[in-house]
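Numbering-wise, the sequence shown is residues 54 to 259 according to my numbering. We put the beta carbon where it would ideally sit given N, CA and C, even for glycine. Fair warning: this is a prediction, and the values are worked out from it, not measured in the lab. These notes concern the structure reproduced below.
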Amino acid sequence: VPLDFPEGFDSAGKLMAGTPDGRLVVLARGEVHILDRSVGVLQTLAGEYYGVIAASDGSIFHASSFPPAARRSSHYGTVDAEYQLESYRFHCPVLAPGGLLFCVIYMADDDDRDEIIALDAQTLQLRHRFGRGLLNGAERLAVVGDELYVCDTGNDRLQVFSLTGEHRRSITGEWRSPESICFAKDRIDLVERDAAMEDGEEDEDG
């Protein structure tokens, strides 16, 4: 069913997350908009939001750049918890059953040091850290049952871990540079990184 977004949403890049109670949390033009089931805006939050977001009935999970951190904010915009790790940036949070929040962490100038962390979704205290040496340019994550799928973009594969960080397998196929992934109705869908963009980046770098 096409969603009839409120005026001003159509021309903006949108990243969305759903809450268990049926609300839609939309990040567009640096603002978070909380929508009801009929796509009416309940609330708009200004602040520092960027990239992929995750959401629960009462919280929004996102990364901040100044300072680099993973944050849990309320639906009213207040920061309720934060996790920082020296020299690392945070990317692509995703919630898992059992109260865990997974994030990609990386050092800006070193793709080989990508890792995954699992935080307590309420306190944002560290629970697990894993994936070092297996990932190159990690992107989106998806929780499928009791496993975490990671887009290992630079290595042209998916990496699969248990929810406690045990590496279970690598998956390759007739695709390359998986950048985005989702799980719905017993099927995993992935999106490849734009090959034209990659070629352009390589040409520009010489």
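Assuming residue i contacts residue j under a Cβ cut-off of 8 Å, what Cβ separation, rounded to an integer in Å, is found between them?
| i | j | result |
| --- | --- | --- |
| His115 | Tyr102 | 5 Å |
| Phe214 | Ile169 | 7 Å |
| Ala134 | Leu177 | 4 Å |
| Val79 | Met69 | 5 Å |
| Asp173 | Ala191 | Not really, about 21 Å apart at Cβ, beyond 8 Å. |
If you follow the beta strand (DSSP E) that residue i is in, where does it begin and where does it stop?
| i | result |
| --- | --- |
| Phe114 | 112-118 |
| Gly104 | 103-108 |
| Ala237 | 231-237 |
| Pro121 | 121-127 |
| Leu194 | 191-197 |
| Arg221 | 220-224 |
| Leu187 | Taken as a continuous stretch (DSSP letters only), Leu187 belongs to no beta strand (DSSP E), as it is neither H nor E. |
| Asp133 | 132-136 |
| Leu80 | 77-81 |
Can you tell me whether residue i is buried or exposed? The criterion is at least 16 other CB atoms within 10 Å of its CB, across all chains shown.
| i | result |
| --- | --- |
| Ser230 | buried |
| Tyr129 | exposed |
| Leu179 | exposed |
| Ile224 | exposed |
| Phe119 | exposed |
| Pro146 | buried |
| Arg210 | buried |
| Gly259 | For Gly259, the predicted structure reports a pLDDT of 37, less than 50, and the residue's modelled location is therefore unreliable. A value from the coordinates is still provided. It is exposed - the Cβ of Gly259 has fewer than 16 other Cβ atoms within 10 Å. |
| Leu201 | buried |
| Glu257 | Annotation note: pLDDT 42 at Glu257 (below 50); position unreliable, coordinate value reported separately. Burial call: exposed. |
| Gly198 | exposed |
| Leu243 | buried |
In the DSSP assignment, what are the bridge partners of residue i?
| i | result |
| --- | --- |
| Asp242 | Cys235 |
| Ser215 | Glu200 |
| Val92 | The partner list for Val92 (beta bridge, DSSP) is empty, contrary to what the question assumes. |
| Leu148 | Leu154 |
| Leu68 | Leu80 |
| Thr97 | His86 |
| Asp173 | Leu153 |
| Asp205 | Ala191, Arg210 |
| Arg180 | According to DSSP, Arg180 bridges with nothing at all. |
| Leu142 | Per the sequence presented here, residue 142 reads as Arg, with Leu not at that position. In the DSSP output, where bridge partners are listed per residue, Arg142 has Tyr159. |
| Glu168 | Ile158 |
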